[in-house]
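The next block holds one structure in the form of structure tokens; read it before the comments.
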Amino acid sequence: MSTRQTPGPNRNEDGKNHLRHLILPGDASIKVAVALGPVKSTPLHQFLARESTHTSPPSDTIIRSSSSSAGYLHKDNQIVDTATDPNSTTMTGAIFPDSPPDWCNVKVLHRNTLPPRSSFFLYDSEVDALSRDTAKAKSQLLSGKWKFHLSTSPFYGPQRFYEPGFESSKWDKVDVPGMWQCQGYGKGPQYTNLDFPFPVNPPHIPLDDNECGRYLTTFRLDKHLADHQQRLRFEGVDSAFTVWVNGHNVGYSQGSRNPSEFDITKLVKYGEDNILAVEVYQRCDGTYLEDQDQIWLSGIFRDVYLHSFPKVHPEDFHVHTLLDAHYKDAELRVNVKMSDTSVVSLKLLDADGKVVAEATEKFEPKGHFSVSVKKPHKWTAETPYLYTLVLTFNGSTSLAQRVGFRRIDLIKGVFTVNGNPVKFRGVNRHEHHPESGRAVPYEFLKNDLLLMKNHNINGIRTSHYIDDFRLYDLADELGLWIIDEADLECHGFGVVGANAEKFATDNPEWTEAYVDRARQMVMRDKNHPSIVIWSLGNESFYGRNHKAMYDFIKSVDTSRPVHYEPDYQTRSADIFSRMYSSAEEIIRMAQESHWEKPLVLCEYVHAMGNGPGGIKEYIDAFYKYPRLMGGFVWEWANHGLKTKNAEGEYYYAYGGDWGDDPHDGHFCMDGLLHSDHTPTPGLTEYRKAIEPVQTLSLKGSELTVVNRYDHLDLDHLDCSWTIVDEIGTSDETPCDIPEGVKPHTEAKIKLRGLPTKFDGETYVRISFKLRKATLWCKAGTEVAFGQHQLHGPVSLTKIQSLLPALSSVPRAQQTSPGYLEITSPDGSSVWGINLTLGSLSSWKKNVGPFTELMTKPLTIDFYRALTDNDRGGIFGQQWRQRRLHQTKHHVRQVRWKTGSTGLIVEIQGRVAPPVLAWGVDTTITITFGHGVHLSLNAKPHGPLLPDTFARFGLTFGIEGVEHVRWFGRGPGESYSDKKRSQSFGTWQSSVDDLFVDYDYPQDGGNRTDVRWIEFLGATGKKDAGTGTKPRKRLLRARFGDLDGASFSAMHYTTADLDEAGHPYELRKKKRKDTVVRLDWAHHGIGSGSCGPATLPQYELKTNREFEYELLLD
1 MSTRQTPGPN RNEDGKNHLR HLILPGDASI KVAVALGPVK STPLHQFLAR
51 ESTHTSPPSD TIIRSSSSSA GYLHKDNQIV DTATDPNSTT MTGAIFPDSP
101 PDWCNVKVLH RNTLPPRSSF FLYDSEVDAL SRDTAKAKSQ LLSGKWKFHL
151 STSPFYGPQR FYEPGFESSK WDKVDVPGMW QCQGYGKGPQ YTNLDFPFPV
201 NPPHIPLDDN ECGRYLTTFR LDKHLADHQQ RLRFEGVDSA FTVWVNGHNV
251 GYSQGSRNPS EFDITKLVKY GEDNILAVEV YQRCDGTYLE DQDQIWLSGI
301 FRDVYLHSFP KVHPEDFHVH TLLDAHYKDA ELRVNVKMSD TSVVSLKLLD
351 ADGKVVAEAT EKFEPKGHFS VSVKKPHKWT AETPYLYTLV LTFNGSTSLA
401 QRVGFRRIDL IKGVFTVNGN PVKFRGVNRH EHHPESGRAV PYEFLKNDLL
451 LMKNHNINGI RTSHYIDDFR LYDLADELGL WIIDEADLEC HGFGVVGANA
501 EKFATDNPEW TEAYVDRARQ MVMRDKNHPS IVIWSLGNES FYGRNHKAMY
551 DFIKSVDTSR PVHYEPDYQT RSADIFSRMY SSAEEIIRMA QESHWEKPLV
601 LCEYVHAMGN GPGGIKEYID AFYKYPRLMG GFVWEWANHG LKTKNAEGEY
651 YYAYGGDWGD DPHDGHFCMD GLLHSDHTPT PGLTEYRKAI EPVQTLSLKG
701 SELTVVNRYD HLDLDHLDCS WTIVDEIGTS DETPCDIPEG VKPHTEAKIK
751 LRGLPTKFDG ETYVRISFKL RKATLWCKAG TEVAFGQHQL HGPVSLTKIQ
801 SLLPALSSVP RAQQTSPGYL EITSPDGSSV WGINLTLGSL SSWKKNVGPF
851 TELMTKPLTI DFYRALTDND RGGIFGQQWR QRRLHQTKHH VRQVRWKTGS
901 TGLIVEIQGR VAPPVLAWGV DTTITITFGH GVHLSLNAKP HGPLLPDTFA
951 RFGLTFGIEG VEHVRWFGRG PGESYSDKKR SQSFGTWQSS VDDLFVDYDY
1001 PQDGGNRTDV RWIEFLGATG KKDAGTGTKP RKRLLRARFG DLDGASFSAM
1051 HYTTADLDEA GHPYELRKKK RKDTVVRLDW AHHGIGSGSC GPATLPQYEL
1101 KTNREFEYEL LLD
């Protein structure tokens, strides 16, 4: 995802350095120059941008400032002054470095690594293998606390740290897995979307600007393992590393998110400590291929294992589930490669542990099994039935692999699994943890996938690299379609002013580097049924090396299609792919008369901040057109890292907050989850849009629904309905779903007993719930709902006609030249009109002593605090350019008179910004009687009139509001194009809970399609009947039967939201009163931060006259 975003307001522009104290072990206090961003340290993250140069390398015990660093070289573990050291020698004719380092050499990808293989563990028995408990496996998990030292370059720091006897007692300890920036080391994190944060000169990496982390740990091997092969396996190291065992150089590897495995059999000792030393390089030539849109972090970030394989052992195996043309019976084919001749036994168990098939073969050393399986249960994301394959070698060592029978086809250009069309309702997922970065704990990862399943998500694109291998195990088990993507992205070449693909993608010098990334992906992940598509990477242009990747994949696996979005002509892809195309654009492709390949949206509905809006239009298109495969939202979660500001307040940091430059601000905050991985309103909306059952229409008592499952009927669901009106919600009434409703077909459901008489606006809400518990949620979980109106709302005219006649007319008194005071007939309310402002500026109510309700005058308002989608799209930019945020109401004339309905005040005015000549002529008519009836006529006109308004409504402040109750959509946030997840009903919330605290402050907390709102104060006296303390109603606003009316209530102004870059900055501006916005119309949200802006049907266009009314009492 590569659209460039303007950096946020916290970009460190001044370039100043400041001194801070850094406390080292042993309570040694020293000064180190740091470039300060807004936030620098937390107990978990000391994000310090440490200043150093190639002439002032840090050592174990000393960090010198640049002002006193001339003439220092690093010699082993000490700093040596070459100007005064009598032992220093002058060399002539030397070369430095004498050869390109491995990490600057595109011809060196790996040294001494074993061939890539599937992820599997060996066990001493079949029983242990079936437990799938890796603690029982023939392996050691070496992760934990490791000793650590950081230098600013591999050429600085202790060069021979790997030797036995090296003194490391003063080294710190860090977590492995872990990113060193997240543990307080180095310059700190850096966020860029597409820019390389170093000079672009592939394959070269600056020698002086490449942090180097050195790790030390020890391990022991039991003597009974002396006849085993010892395999040291790193699941992920960013970005490259060299390994030593007991002082011996083991090898080198790169490819950050790919595993690397080394044979260390000849280097280890048994029954005593072995020393493992690892030197990790922040950057390498492979970094040019790892320019993903995420925070740059470094270290050993996935687990490290030591596998003990018997002398004769499996080197790899490949499982094929070959369903017949009718998707009925299958052949289970298992290719096995052994290290030497071996007798191998196969056993296939069903989910209950019963043996389905058995076979035994002698392999010398390669071979395959082929067994028939009659009518196997089929694996899909909706029916994730797993068999277990057990392979036993020479009767003593076993492994277990879960197997799903499924077949992928393109049938007449339609993507199918087991013969059924599949629609992806997916997300792009980066690996992210708010404290440890890309080092993601298993339970955190698992919770991500459970959240997905609970929100109707059925697919993941592993953007843009292969994930922790345990994700695929979970996806197999829970049921998720996976696009597995190679660790490849180099879109930073696209901004340097040259032919981007010639740097690497279409450069034959880089072919093996590209193919290696495809090889690592396929060889590791090939046995997972959840993976249905391979992807060649992301945003790396197109060239010969993608063709080479494609050819390699097809040489290993022809059962899955290959995806690559920038291959627009699908020369090396089996499906078309687009990102951020509009629904209109994909419909045009879907309607082409001749096509052979389907189309997927690998990224769409950019979920940045408040958004996305306009999801429904995509989903409807996916299901209408067979060519369309669905899509993957960008993206799953925000990438913020938990940090403390100077006052000790936690918040989630983004680009620029660590003093990093260049950076792309908060463009990494673009997920359906907040940085702490709690859902945003956007995820709730997406859940609704992709729900597997949708209600289409209600005629009488007959409800039409469509089954949007791909493989399931609706027999596993229960259906019920309730009646919802302004009073409340009725008890549930069950109803019957017809049996055997096939996927993607419609059905009729009878809602027997629906009422036919109504007192006011009434809805029937239909709920679909799981009948039985699943692996991802409990029985009774609602997976879909629909709501249909049975009786419409009452108009304001009708409401007013039902009010009693006034006993007398309110009294008006001009208490000063610029102020008109109006008193209600019973004296309970006194209103004030500021004649100069032309605004209702005071409302005093007699609640004991007279109390002033209003803290800010009621003003006409067309602006909202910019959302990310406003700011990044055409609309928000135009609103600011044309000064929509600076409009004011200017009075032309105010007149008042008495009438049969009360005292009528008519205000003629104009709303306009400074500098420009456009404006909105307004006539506000306020009738004081039973409360306040306000009507407004508005005519926008003039040069440079904005094409749209953000909103059209009123803003004012109220004192004493604690809670709000309303009838309309709720309980959560909603906007005109982001509202279907919210049901009609009567809802209540505190003002604080109405607000959505986005990681980057912006407009939020709106509720739309409301009929009335009550602003409630403190609780009153206890009700003798109910035993509760009802809250006092301070003010009620009624819109009548107007469609699309909205309100928000919060403790912040639009300026507060616009000016804050982080929630902690916003909280400092929190007001005691409540800012209320009552809107007759609201502009939609869209996804303009990276994609289509608000769709025309949701725009609040200004090329019309506005007529609205409102009742306040």
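Numbering of the sequence shown is given in full-length UniProt numbering, commencing with residue 1 and proceeding in unit increments.
Using N, Cα and C, we set each Cβ at its ideal position, and we do this for glycine too.
What are the start and end residues of the alpha helix (DSSP H) that includes residue i?
i: residue 616; result: 615–624
i: residue 875; result: 874–881
i: residue 681; result: 681–689
i: residue 1006; result: It is not in any alpha helix (DSSP H) - residue 1006 carries neither H nor E in the DSSP assignment.
i: residue 470; result: 469–478
What span of residues does the beta strand (DSSP E) with residue i cover, start to end?
i: residue 1064; result: Premise fails: residue 1064 lies in the alpha helix (DSSP H), 1063–1067, not in any beta strand (DSSP E).
i: residue 146; result: 144–151
i: residue 254; result: 248–254
i: residue 604; result: 599–604
i: residue 787; result: 782–791
i: residue 965; result: 963–970
i: residue 514; result: Unbroken run through residue 514 is the alpha helix (DSSP H), 511–525; no beta strand (DSSP E).
i: residue 938; result: 931–941
i: residue 274; result: 273–281
i: residue 530; result: From DSSP, residue 530 is part of no beta strand (DSSP E); its letter is neither H nor E.
For residue i, which residues of its own chain have a beta-carbon under 6 Å away from its beta-carbon, when the five flanking residues on both sides are left out?
i: residue 87; result: Reliability of the predicted coordinates at residue 87 is poor, the pLDDT of 49 falling under 50, and the value obtained from them is presented with this limitation in mind. Once the five neighbours on either side are set aside, residue 87 has no close Cβ partner at all.
i: residue 766; result: 695, 721, 786
i: residue 978; result: 613, 685, 1085
i: residue 1062; result: 651
i: residue 1113; result: 931, 1036
i: residue 1098; result: 976, 977, 1084
Between residue i and residue j, which are expected to be in contact by the criterion C-beta below 8 Å, what is the C-beta distance as a whole number of angstroms?
i: residue 476; j: residue 675; result: Wrong, their Cβ atoms sit about 28 Å apart, outside the cutoff.
i: residue 235; j: residue 303; result: 5 Å
i: residue 981; j: residue 688; result: 4 Å
i: residue 822; j: residue 903; result: 6 Å
i: residue 1016; j: residue 1033; result: 6 Å
Measuring straight from C-alpha to C-alpha, what distance separates residue i and residue j?
i: residue 36; j: residue 649; result: Residue confidence for residue 36 is low, a pLDDT of 28 falling below 50, so the modelled location carries little weight; the figure read from the coordinates is stated next. Answer to the nearest angstrom: the Cα atoms are 17 Å apart.
i: residue 1094; j: residue 493; result: 31 Å
i: residue 205; j: residue 623; result: 48 Å
i: residue 1001; j: residue 1092; result: 22 Å
i: residue 489; j: residue 199; result: 17 Å
i: residue 894; j: residue 636; result: 53 Å
i: residue 471; j: residue 445; result: 7 Å
i: residue 611; j: residue 1076; result: 22 Å
i: residue 605; j: residue 192; result: 21 Å
i: residue 305; j: residue 137; result: 11 Å
i: residue 124; j: residue 396; result: 6 Å
Considering only residues of the same chain and omitting the five flanking positions on each side of residue i, which have a CB-CB separation below 7 Å?
i: residue 548; result: 511, 514, 515
i: residue 357; result: 332, 348, 371, 373
i: residue 671; result: 607, 635, 636, 637, 638
i: residue 401; result: 120, 319, 389, 527
Taking 8 Å as the limit between beta carbons, can you name the residues of its chain near residue i, skipping five residues before and five after?
i: residue 593; result: none
i: residue 783; result: 456, 691, 692, 693, 717, 768, 769, 770
i: residue 466; result: 257, 258, 484, 485, 486, 487, 520, 521, 524, 525
i: residue 713; result: 707, 739, 740, 741, 742, 743
Check the Cβ-Cβ distances between residue i and every residue of chain D, and say whether any is below 8 Å.
i: residue 775; result: The displayed structure is made up of one protein chain only, and chain D is not part of it.
May I have a chain-ordered list of the beta strand (DSSP E) segments no shorter than 3 residues that lie completely inside the segment 105–169? List check, beta strand (DSSP E) in window: 139–141, 144–151.
Quick check for students: name the residue ranges of the beta strand (DSSP E) that lie wholly in the segment 816–856, counting only runs of 3 or more. Taking only runs of at least 3 residues, the beta strand (DSSP E) segments lying wholly in the segment 816–856 are 819–823, 829–834, 839–846, 850–852.
What alpha helix (DSSP H) runs, 4 residues minimum, are completely inside the segment 421–448? The segment 421–448 contains no whole alpha helix (DSSP H) run of 4 or more residues.
Counting only runs that start and end within the segment 352–415, where is the beta strand (DSSP E) found for 3 or more residues in a row? Counting only runs that start and end inside the segment 352–415, the beta strand (DSSP E) elements of at least 3 residues fall at 355–363, 366–373, 387–393, 397–403, 408–411.
Minimum length 3: unbroken beta strand (DSSP E) runs contained in the segment 535–611: Taking only runs of at least 3 residues, the beta strand (DSSP E) segments lying wholly in the segment 535–611 are 576–579, 599–604.
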